[in-house]
Ligand code: GRF
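In the working numbering, the protein residues as written are 9 to 213.
Right under this line is the structure:
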């Protein structure tokens, strides 16, 4: 059983997929703690509804940007470590992870992004995909490094782009893919089937 810590900022539908997967047993793991950088994030309620400890830790509690970044992440590491977290999952967490968080959990921080990376990193990936005119979209789960959505890719899932798609309709379709592949990636890691060789991730059978 892998012990998970999930960082969130908003709606928390990916967190919900993880909580449900753990409860149903499709993910061999348990969410030990959920931390939001935004007070009142709906994701916090999803955690408490399942009896999972949920906290808000805001960067501004630690002073002004950018001075607050290190002490803010030190607090994240402390809360995660005190809940015996093995793997940190960024699930709709809207900040870039820094050295302090990444060094606290080396190659143990993963993120989900709503595009087929390396296409469309950063904000508004679904709009970027629509504006570009791609015919296939999707989502990627990757190990977080200091780049923006550029770490080694663990798993990707694709979906069609329809001619009459809006950002909303495409986002909904991509989100279904996210809810499938994020639990799958966590399961692969929990099963010890994921090896990282430089940029490449090998998934053992
Ligand atoms: C998802 O599209 C995720 O890929 C992106 O932010 C969104 C979060 O949605 N990083 P939710 O909070 O999990 O519902």
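Just so you know, even glycine gets a beta-carbon here, dropped at the ideal spot from N, CA and C.
Asked: Any beta strand (DSSP E) of 3 or more consecutive residues that is wholly inside the stretch 73-128; Found: 95-98 and 117-121
Asked: Residue 177 in three-state terms, based on DSSP; Found: helix
Asked: N- and C-terminal bounds of the alpha helix (DSSP H) containing residue 53; Found: 50-57
Asked: Reference residue 161, options 129, 137 and 69, closest by Cα; Found: 129
Asked: For residue 137, the residue or residues it bridges with in DSSP; Found: Its beta-bridge partners do not exist; DSSP assigns none.
Asked: Which of helix, strand or coil DSSP assigns to residue 162; Found: strand
Asked: Run of the beta strand (DSSP E) containing residue 10, from where it starts to where it stops; Found: 10-16
Asked: Rounded C-alpha distance that separates residue 73 from residue 171; Found: 42 Å
Asked: Candidates 53, 116 and 188, of which the one nearest residue 198 by Cα; Found: 116
Asked: Where the alpha helix (DSSP H) through residue 26 begins and ends; Found: 21-32
Asked: Spatially closest choice to residue 146 from 156, 177, 80 and 118, by CA coordinates; Found: 177
Asked: Cβ pair residue 60, residue 39 closer than 7 Å; Found: yes
Asked: Segment contact flag, the stretch 128-143 with the stretch 44-55, C-beta cutoff 8 Å, min 3 pairs; Found: no
Asked: Any non-hydrogen atom of the ligand GRF within 6 Å of residue 186 CB; Found: yes
Asked: Any non-hydrogen atom of the ligand GRF closer than 6 Å to residue 53 Cβ; Found: no
Asked: Cβ separation of residue 153 and residue 17, assumed to be a contact under 8 Å, to the nearest whole Å; Found: 20 Å between Cβ atoms; not a contact.
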